[in-house]
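First comes the structure, then the notes that go with it.
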Amino acid sequence: MPDFTAVLAQIKPKLGCVADNLALIEERIQQAIIQKAELVIFPELALTGYFLKDLVPEVALRLDSPEILRLTELSSQISIAFGFVEVTDDYRFFNSALYLEDGNIKHLHRKVYLPTYGLFDEQRYLARGERFRAFDTKFGRMGMLICEDMWHLSSSYILAMDGAATLLCLSSSPSRGIEGESLGSATAWQKLTTTTAMFLNCRVFYCNRVGYEDGINFWGGSEYISPAGESVVRAGLMVEDNVTITVDEGALRRERIFSPMLRDENLFVTVQELKRIERERSQ
Amino acid sequence: MAGLTANTTLLRQILVGFVRDEVHKVGIRKAVLGLSGGIDSALVAFIAAEALGPKNVHAICMPYKSSNPESEVHARLVAEACGIDFTVIPITPMVDAYFDNFPSADNMRRGNKMARERMTILFDHSALLSALVLGTSNKTELLLGYGTLYGDMASALNPIGDLYKTQVWQLSAEMGVPSAVIEKKPSADLWAGQTDEEELGFTYNQVDELLGRMVDQRLSRDELIKAGFNPEFVDTVYGKIQNSHFKRRLPVIAKVSNRTIDRDFRYSRDWGK
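Protein chains in written order, with the working numbering: chain A, 2 to 284; chain B, 4 to 276.
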């Protein structure tokens with residue numbers, strides 16, 4: 002695989018304003034094209050904003066909607082990953098992310114883990130996705146996660162076992178925890194992304210939004226983590242930002258030679274034990 | 004307790020950003036607030052001045068004849084320190100005109116009336132100046148219900164409503180609130196010599212230590228007592244939170260339709276912003 006250049010677009014979407022957000026996304030795509038980037042990544046629900054509540058059906062888009070078609074067309078110039086609300090023919094609404102490449106939809110991921118605790122209430126309004134699947138891109142095999150998905154170890158594990166060497170995590174993570182040296186939620190996420198990269202010898206692109214919705218602040222801090230679990234570049238906290246990364250394919254090769262944990266992972270043992278647990282739980 | 008010691012640099016960044024973002028996104032540039040001479044409104048004035056620019060913040064001091072004259076002096080000191088506009092509108096004539104009809108009204112009725120009189124002046128200035136009204140209630144008093152519903156609890160935006168009083172002190176020191184205001188005893192200033200802590204029956208430090216564990220960390224009653232809190236104190240504070248909960252909610256609506264406001268008609272306030 003060749004080296005490639007990616008951009009993390011740390012934007013501030015307007016709540017419920019699809020047209021405005023589409024314009025904002027297109028602007029960032031054009032910028033990324035001008036700077037000769039090959040992949041641009043946007044946050045979770047970049048097209049809609051996060052605390053949608055009863056707005057969900059109003060901002061939802063079909064995969065054949067003009068907005069999605071427009072972004073799909075743009076992907077003939079640059080690969081694009083972004084989040085939106087998807088509506089299906091049977092009127093289910095998903096917190097979804099698309100990976101667009103060469104003018105086609107390469108992959109659709111529907112958020113599996115919809116947080117409904119604390120300040121979150123996603124499962125009240127949205128349907129659950131039911132799969133994690135890796136997919137092939139020009140830059141190798143990838144997997145997509147939407148925010149809370151990543152807090153479940155099995156999600157990243159499945160994608161890595163399915164061959165993903167690059168994990169894209171699209172996020173809308175609210176700020177909370179002001180006691181420590183740095184923001185509580187930012188610290189927790191950094192531990193998660195770096196540890197996941199290290200365990201699975203995978204690259205992690207983490208793209209988080211900024212801005213406030215009803216007093217809740219999203220902290221940004223979008224980040225690229227190397228397959229060794231090291232933070233290579235990080236966007237500003239709580240500011241709109243744009244981060245460009247030149248991804249070194251050699252770093253992945255070297256890491257997988259140096260720490261071949263993924264090679265040694267025993268899928269047979271894992272599946273056998275999970276099946277046993279499932280059997281025992283259903284008794 | 005670790006939970007009450009705030010990273011004031013981070014807190015300042017979040018709260019200044021909050022005022023700037025939430026004011027600007029509704030197409031407004033200005034804010035108005037009541038400046039009492041106390042620490043809560045002083046801190047909000049400093050946050051707003053940094054967020055919007057001092058010229059876009061208008062403070063109104065609204066003394067009653069029984070207010071401590073020192074309060075107005077401190078309010079003026081705060082306004083000068085952060086460079087914001089400042090006016091004084093005494094509320095004695097309107098409050099007295101009303102209570103001439105009810106001469107036997109007690110302190111609570113008089114205090115509530117004063118708080119609501121101030122609220123009407125602030126919201127009138129909101130229209131006059133095209134400015135959003137900033138709230139100045141902290142988390143301790145919001146949880147204890149130590150405020151007047153539709154009075155000092157009324158606002159468009161409250162930057163400090165998730166800060167315990169202890170944290171208000173910490174952030175005020177970081178932001179340069181004059182030390183005379185930080186160091187004086189907190190008072191609702193309804194009558195001479197009144198102090199919050201005497202009226203509440205415990206200190207802010209004591210109650211914040213309890214609230215942090217009870218509300219934020221969700222320790223059970225048994226765990227709180229084991230941690231050294233007096234059972235009576237725990238029960239008193241729990242009762243205050245429970246009995247004042249109505250003040251923290253919208254008025255209750257009788258449900259008859261499929262979509263009742265705030266029950267199954269749910270939108271963020273920042274809808275479309």
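All residues carry an ideal CB built from backbone N, CA and C; glycine is no exception.
Contact list for residue i against chain B, beta-carbon separation under 9 Å
i              : result
K15 (chain A)  : K28, D273, G275 and K276
M162 (chain A) : Those within 9 Å of M162 (chain A) in chain B number zero; the least Cβ separation is about 37 Å.
L184 (chain A) : N10, L13 and I17
S66 (chain A)  : What S66 (chain A) touches in chain B: nothing, since even the nearest Cβ is about 20 Å away.
Beta carbon proximity, residue i to chain B, threshold 8 Å
i              : result
K37 (chain A)  : no
G251 (chain A) : no
C208 (chain A) : no
D137 (chain A) : no
S223 (chain A) : no
S176 (chain A) : yes
C18 (chain A)  : yes
Contact set between residue i and chain B, taken where Cβ atoms lie within less than 8 Å
i              : result
E214 (chain A) : S271 and D273
C-beta neighbour in chain A for residue i, strict 8 Å
i              : result
L222 (chain B) : no
E144 (chain B) : no
E25 (chain B)  : yes
Distance CB(residue i)-CB(residue j) smaller than 8 Å
i              : j              : result
E180 (chain A) : T169 (chain B) : no
A61 (chain A)  : E87 (chain A)  : yes
V35 (chain B)  : L160 (chain B) : no
R7 (chain A)   : E39 (chain A)  : It is Ala, not Arg, that sits at residue 7 (chain A) in the sequence shown. Cβ atoms of A7 (chain A) and E39 (chain A): closer than 8 Å.
Y126 (chain A) : F94 (chain A)  : yes
I42 (chain B)  : V22 (chain B)  : no
R177 (chain A) : S183 (chain A) : no
K188 (chain B) : E200 (chain B) : yes
G212 (chain A) : G237 (chain A) : no
D273 (chain B) : E214 (chain A) : yes
I226 (chain A) : V205 (chain A) : yes
A54 (chain B)  : V19 (chain B)  : yes
C148 (chain A) : S174 (chain A) : yes
K276 (chain B) : K28 (chain B)  : yes
G30 (chain B)  : L125 (chain B) : no
Proximal residues of chain B, C-beta to C-beta of residue i below 7 Å
i             : result
F52 (chain A) : S271
T55 (chain A) : For the record, residue 55 (chain A) in the displayed sequence is Asp; it is not Thr. Going along chain B in sequence order, the residues near D55 (chain A) (Cβ under 7 Å) are F268, R269 and Y270.
Chain A contact residues for residue i, given Cβ-Cβ distances below 9 Å
i              : result
Q298 (chain B) : Any answer about residue 298 (chain B) is impossible in this case: the structure gives chain B only from 4 up to 276.
Short CB-CB distance (under 8 Å) between residue i and chain D
i              : result
E212 (chain B) : Looking at the structure shown, chain D is missing, and the protein chains on hand are A and B.
Within chain A, partners of residue i - CB distance below 8 Å
i             : result
G6 (chain B)  : E180
F21 (chain B) : Y213, G216 and N218
Inset, instruction - Would you list, in sequence order, the uninterrupted alpha helix (DSSP H) runs of no fewer than 4 residues that lie entirely inside the segment 59 to 104 of chain B? - result: 72 to 85 and 95 to 102
Legend entry - Runs of beta strand (DSSP E) wholly within the segment 225 to 280 of chain A (minimum 3 residues, chain order): Secondary structure in the segment 225 to 280 of chain A: the beta strand (DSSP E) runs of 3 residues or longer, each lying completely within the stretch, are 232 to 235 and 242 to 248 in chain order.
Inset, instruction - Pick out the complete beta strand (DSSP E) segments inside the segment 11 to 63 of chain A, 3 residues or longer, and give them in chain order. - result: 40 to 42
Inset, instruction - Would you list, in sequence order, the uninterrupted alpha helix (DSSP H) runs of no fewer than 4 residues that lie entirely inside the segment 160 to 194 of chain B? - result: 168 to 178 and 182 to 186
Legend entry - contact_flag[the segment 37 to 56 of chain B, the segment 173 to 191 of chain B] where n(CB pairs < 8 Å) is 3 or more: Cβ pair count under 8 Å is three or more, so yes.
Legend entry - Stretch pair the segment 135 to 142 of chain A + the segment 91 to 111 of chain A: three plus CB contacts closer than 8 Å: yes
Legend entry - Three-pair Cβ contact test at 8 Å for the segment 110 to 121 of chain B versus the segment 150 to 157 of chain B: yes
Inset, instruction - Answer yes if the segment 75 to 90 of chain B comes into contact with the segment 55 to 62 of chain B, meaning at least three C-beta pairs across the two stretches below 8 Å, and no otherwise. - result: Verdict: yes, contact present.
Inset, instruction - Evaluate the contact criterion for the segment 122 to 141 of chain B versus the segment 66 to 85 of chain B: three or more CB pairs, one atom per stretch, below 8 Å. - result: no
Inset, instruction - Report yes or no: do the segment 162 to 174 of chain A and the segment 141 to 150 of chain A share at least 3 C-beta pairs separated by less than 8 Å? - result: yes
Inset, instruction - Please go through the segment 123 to 188 of chain A and give each complete alpha helix (DSSP H) segment of 4 or more residues, from N-terminal end onward. - result: 123 to 126 and 154 to 162
Legend entry - Stretch-stretch touch, CB-based, cutoff 8 Å, three pairs: the segment 55 to 74 of chain A with the segment 271 to 284 of chain A: no
Inset, instruction - Report yes or no: do three or more beta-carbon pairs, one from the segment 12 to 27 of chain A and one from the segment 235 to 242 of chain B, lie closer than 8 Å? - result: Note that the segment 12 to 27 of chain A does not touch the segment 235 to 242 of chain B; fewer than 3 beta-carbon pairs, one per stretch, sit closer than 8 Å.
Legend entry - Continuous alpha helix (DSSP H) assignments of at least 4 residues falling wholly in the segment 190 to 257 of chain B: Those alpha helix (DSSP H) runs which fall completely within the segment 190 to 257 of chain B and span 4+ residues are 199 to 203, 207 to 214, 224 to 229 and 234 to 246.
Legend entry - contact_flag[the segment 203 to 212 of chain A, the segment 9 to 16 of chain A] where n(CB pairs < 8 Å) is 3 or more: yes
Inset, instruction - With a floor of 3 residues, list each beta strand (DSSP E) that falls wholly inside the segment 21 to 61 of chain B, ordered by position along the chain. - result: Listed in chain order, they are 33 to 37.
Inset, instruction - Starting from the N-terminal side, write out each stretch of the beta strand (DSSP E) that is 3 residues or longer and does not extend beyond the segment 199 to 226 of chain A. - result: 204 to 209, 211 to 214, 217 to 220 and 224 to 226
Inset, instruction - List in chain order: all unbroken beta strand (DSSP E) runs of 3+ residues lying wholly within the segment 110 to 163 of chain B. - result: 134 to 136
Inset, instruction - Decide if the segment 118 to 135 of chain A is in contact with the segment 70 to 80 of chain A; the criterion is three or more beta carbon pairs, one per stretch, under 8 Å apart. - result: no
Legend entry - Every unbroken alpha helix (DSSP H) within the segment 62 to 96 of chain A, with a cutoff of 4 residues, ordered by chain: 67 to 75
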